[in-house]
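These notes are about the structure you will find just below.
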Amino acid sequence: MRRSIRSARRTVRAVVALVLLVAILGGVPAALVRFVGWPLPRMTPSWGDLTHALNGASISDAVLIKSLACVTWALWAFLVACFAVETRAWMRGREARHIPIAGVVQPIMRELVVSAALLIGSLRPSGVTTIATYPAVSVTSVSSPASVATATTAAPSEATPPPPTCVVAPRDSLWKLAEVHLGDGLRWREIWDLNRDKSFPDGRRFREPSLINPGWTLTLPTDARVVPSDVASPSTALPPVAMHEVPPPAGPPTEPPSVSTSEPMPPPPTSAPVRTNGRPPATAAASQEDDPDHRAVPLLAGSALVAAALIACLSRLRRRQLRLRAPGHMPRLPGPDAARAEVHLRRAAVAAPFDRLDSALRVLAHSLGRRKAGACPSISAVSVGPDAIEILLTDAVDAPTGPFDVEANGRAWTLPASLPDGDLRPIANTQAGPSPALVTVGTIDERSVLIDLEAAPRTLVGGDPLDAESLLWTIALDLITSNRADDVNVVLVGHPPAGFDALSRARVFEHLADVMDEIEREAAALTEFLRARRRPTTFDARIDDPGDILTPIVVLIADGQPDLDRLLKAAHTYRGLAVVVAGDADGEFDRELCVEDDTLVLKPVGLRLTPAHLPPEMLQASGELLRVAADVEAGELLDLRTSSEPRGALTVGPHEVLLEFDPHGQPIVPAGHVMVKVLGPVEIEGGQQPIDRRRSVELVTYLAMHPEGVDDGRLRTALWPEGAPTQAAFNETVSKARRMLGLDPQGNHHLRNVDKRRYRVGPFVFTDAALLEESIEGERWGDALRLVRGMPFDATTGGYEWAYEEGQAHRLVVLIEEAGSRVNYPANAKRVSTSALS
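Throughout the sequence shown, residue numbering follows the working numbering, covering 26 to 863 in sequence.
Laid out in structure tokens, this is it:
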């Protein structure tokens with residue numbers, strides 16, 4: 026229903042744009058011809074005629090009308106030129122050249138062309154990448170230099186080929202494009218350097234490497250492979266099989282020979298369809314609009330700070346679960362849908378400057394506390410981007426700038442990204458959080474925008490009802506989990522996602538009347554305290570006395586309530602009380618967040634943002650994650666996969682070679698063996714040479730954690746959860762891992778060749794996780810714990826989603842905790858948490 030409404034709105038906009046274009050391009054000249062006719066003289070006037078016309082008492086109506094018609098024809102020709110330039114650019118998928126003196130006319134024409142293209146998109150030629158004349162070289166890990174040179178020199182020497190380009194597909198990233206077109210994701214910086222600060226037809230500028238938009242045409246290095254659009258974009262759905270296509274062979278897959286051709290190799294069928302949220306699609310041609318991952322990933326891009334707050338909160342709750350866990354039991358684990366949602370949240374939270382924002386606010390409070398005179402202004406808005414954190418105050422202030430660059434008479438405070446976090450933390454640790462009600466509402470130019478709910482205490486979230494409610498509960502989730510608040514009293518009225526009240530910060534009430542009296546009493550007490558201290562706002566009080574926590578009350582209401590007028594009046598009267606209402610509500614509000622589709626307008630300033638709301642299914646999953654992580658009841662029994670005989674020593678490999686440790690406590694990998702470390706940052710020791718490709722490292726790790734082997738479909742799904750890889754990318758990943766690991770003592774590859782459609786590692790490859798689990802009943806738990814270097818799969822900034830989705834990471838945390846308790850205490854002793862997880 027929601028998708029159909031949005032589709033109807035887009036169609037209406039497209040129809041309006043098309044009507045305007047027809048009116049401009051056809052209606053204007055038709056009207057001029059019909060009502061004015063030919064505007065110029067049909068014969069050249071004499072000098073006497075001109076003198077007589079100019080010396081007359083007045084200009085005739087005919088001359089005036091003809092003159093205005095000439096001006097109109099000139100303006101129409103100018104609009105046609107803008108239309109032609111923008112249409113040509115749209116057809117080619119490139120940025121339109123700038124027309125001199127076009128001003129705001131050309132961007133308006135661009136919007137009309139792009140909107141109308143929704144109805145006539147079929148006229149756009151397929152395969153927008155105009156690089157057919159550039160030779161494509163299919164490079165594999167064992168390709169001979171001679172073959173590459175032969176293919177490269179196949180281009181005509183007398184013509185310089187244009188630089189190769191590619192069109193960004195949904196859920197593409199620079200890493201993925203580098204893997205597909207350059208054969209190595211580590212080369213993503215080359216694409217970034219070629220396209221940095223480039224402007225695109227949609228009006229956006231490429232300013233952040235982690236955020237690229239579908240439809241952008243990016244320039245590639247000269248040695249890039251040309252891949253057709255259906256191959257270069259793994260996230261797109263596979264086309265239906267045509268009647269003339271050759272069916273796939275029935276035999277086991279074989280790795281293609283090392284050849285270089287001028288045509289890219291199409292991907293062969295895989296043994297499993299592309300997974301969408303854990304379920305196979307109904308058909309191979311399923312639309313991306315039906316793919317939950319397709320919808321979730323772009324929406325989470327603007328909610329990175331919210332995602333980072335939730336992940337940090339979950340980590341704290343799970344550490345508490347471990348401390349209170351019953352011996353021999355697992356903590357409660359979330360369901361599969363919530364586990365999948367956590368993967369997306371972790372992916373979005375990777376680059377979010379979550380802790381840095383908290384430090385910046387506290388350092389700002391330190392500086393404002395040393396202002397020369399007057400009341401302290403409040404925070405109007407905060408902008409968080411990759412280059413800097415910008416804080417805008419409501420009024421000018423004269424205070425020490427500290428590490429900030431200050432402009433606008435002390436209103437604009439900017440913390441550059443070049444300043445190390447370590448320089449901020451000593452000062453930040455001495456300050457209270459000045460704005461516990463600061464929340465993320467949207468993004469602009471890939472920068473997160475936050476507002477302080479206390480500064481303008483009555484906020485209306487209007488627009489589309491579903492979008493408004495999603496934004497409301499996203500704000501609630503941000504308040505509940507934020508580290509910017511030392512404490513906050515969150516009151517949720519209505520029916521928020523289940524689990525939001527799992528933390529002590531939040532309480533849920535079905536009716537506002539059930540809690541209205543309490544809200545007024547607490548707000549009145551806080552206001553009286555501020556009056557006695559002669560502090561105009563809670564922000565001012567927190568700045569001048571960091572040791573006294575002033576907990577604000579934030580009330581979020583999802584639907585109309587009888588006592589809403591009373592609540593809005595209280596928010597206007599008392600301090601430390603903020604109200605956020607979603608829906609069509611009557612009353613006096615200080616600001617409005619009007620959200621409609623992918624646009625949020627912040628009124629009354631009129632700032633247009635991309636809303637940072639999580640989709641409803643992600644909000645429901647977040648509630649489940651919080652509820653399960655806060656539950657300290659015993660979960661399932663810890664299913665230990667141990668051998669029948671207790672293990673007395675740590676041995677590895679088929680010959681049970683004793684694992685020794687160096688003087689620093691680090692394991693010494695026996696010659697010919699490979700150790701995959703996951704109890705901390707992922708590392709691979711042993712083998713012929715280090716693996717320098719992240720995806721190949723993850724492939725070896727996944728197979729080592731699944732020693733029974735997996736088929737190619739499952740392997741592709743685990744390592745490429747965002748979409749099936751090209752056959753070339755998959756083969757290069759496997760081949761590089763096999764070549765780097767080398768041979769075992771028996772003369773076989775550590776990464777075995779495909780056997781009965783299964784990939785596996787040999788017996789000389791082992792993991793520290795397996796050693797930890799196999800020693801559960803032995804006497805070498807102490808040695809096994811020496812393998813622990815931190816949290817499992819720590820510092821993995823990309824990939825390894827399967828470790829969380831399969832529950833591997835959670836299980837290893839419990840094993841470490843179980844090991845610590847068995848080493849230090851007898852079975853019937855009181856449990857304590859091992860220091861390995863602190």
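Ideal placement from N, C-alpha and C gives every residue a C-beta, glycine not left out.
Computed from a predicted model, the values in this text were never measured in an experiment.
Rounded to the nearest angstrom, what separates residue i and residue j at their Cα positions?
i	j	result
Ser800	Leu347	20 angstroms
Pro356	Asp609	43 angstroms
Ala481	Leu100	46 angstroms
Ala646	Arg365	9 angstroms
Gly734	Arg782	10 angstroms
Arg381	Val331	14 angstroms
Ala19	Val193	There is no way to answer for residue 19, as the model of the chain reaches only from 26 to 863.
Tyr825	Thr552	50 angstroms
Thr499	Pro188	43 angstroms
Gly648	Ala501	11 angstroms
Pro132	Val138	10 angstroms
Leu491	Val205	38 angstroms
Thr439	Ser392	13 angstroms
Phe525	Gly488	24 angstroms
Thr165	Ala753	Because the pLDDT of Thr165 is 32, which lies under 50, any placement of that residue in the model is unreliable, and the number read from its coordinates should be weighed accordingly. Thr165 and Ala753: Cα-Cα distance of roughly 7 angstroms.
Asp819	Arg591	50 angstroms
Val579	His369	28 angstroms
Thr758	Thr726	13 angstroms
Thr902	Leu632	The structure shown has nothing for residue 902, since the chain only spans 26 to 863.
Bridge partners of residue i, per DSSP?
i	result
Lys628	Glu617
Glu432	Ala437
Pro692	Phe686
Tyr784	Val735
Ile216	DSSP lists no partner for Ile216.
Gly711	Val699
Glu415	Ser408, Thr439
Leu639	Answer is none; Leu639 lacks a bridge partner.
Phe791	Met700
Could you check what DSSP says for residue i in three-state terms: helix, strand or coil?
i	result
Pro706	strand
Arg230	strand
Tyr825	coil
Gln313	At Gln313 the pLDDT is 35, less than 50, meaning the model places this residue with poor confidence and gives no usable figure here.
His698	coil
Ile90	helix
Asp477	strand
Ile578	strand
Val61	coil
Val759	helix
Ser224	strand
Val533	strand
Asp542	helix
Asp197	coil
Ala603	strand
Ile336	helix
Asp609	coil
Glu487	It is worth fixing the name first, because residue 487 is Gly in this sequence and not Glu. Note: Gly487 maps to strand in three-state DSSP.
Arg357	coil
Ile841	helix
Where do the ends of the beta strand (DSSP E) carrying residue i lie?
i	result
Leu440	437 to 441
Cys191	190 to 192
Asn514	514 to 518
Ser405	404 to 409
Gly524	Here Gly524 belongs to no beta strand (DSSP E), and DSSP marks it neither H nor E.
Say yes only if the C-beta of residue i is nearer than 7 angstroms to one or more non-hydrogen atoms of the ligand SAM, and no if none qualify.
i	result
Glu479	Annotation note on the ligand SAM: not contained in the displayed structure, which lists no ligands.
Could you tell me the boundaries of the alpha helix (DSSP H) in which residue i lies?
i	result
Phe564	563 to 569
Thr726	719 to 730
Thr506	490 to 506
Just checking: is the beta-carbon of residue i within a distance shorter than 8 angstroms of some beta-carbon in chain C?
i	result
Leu358	This model lacks chain C altogether; it includes just one protein chain.
* Pairing CB atoms from the region 587 to 600 with CB atoms from the region 428 to 443, are three or more of them under 8 angstroms? -> Too few Cβ pairs lie closer than 8 angstroms, so no.
* To do: Please determine if the region 621 to 628 and the region 554 to 569 are in contact, where contact requires at least 3 C-beta pairs separated by less than 8 angstroms.
  => Between the region 621 to 628 and the region 554 to 569, the count of Cβ pairs shorter than 8 angstroms is below three; the stretches do not touch.
* **Inter-stretch contact at 8 angstroms, needing at least 3 Cβ pairs: the region 575 to 588 / the region 408 to 423** => Not touching, per the Cβ criterion.
* To do: Decide if the region 710 to 718 is in contact with the region 763 to 774; the criterion is three or more beta carbon pairs, one per stretch, under 8 angstroms apart.
  => Yes, the region 710 to 718 is in contact with the region 763 to 774.
* Is the number of C-beta pairs between the region 784 to 801 and the region 693 to 708 that are closer than 8 angstroms three or more? -> Segments in contact, yes.
* Tell me, please, whether the region 418 to 429 touches the region 397 to 409 by the rule of three or more beta-carbon pairs shorter than 8 angstroms. => Contact between the region 418 to 429 and the region 397 to 409 is present, with at least three C-beta pairs closer than 8 angstroms.
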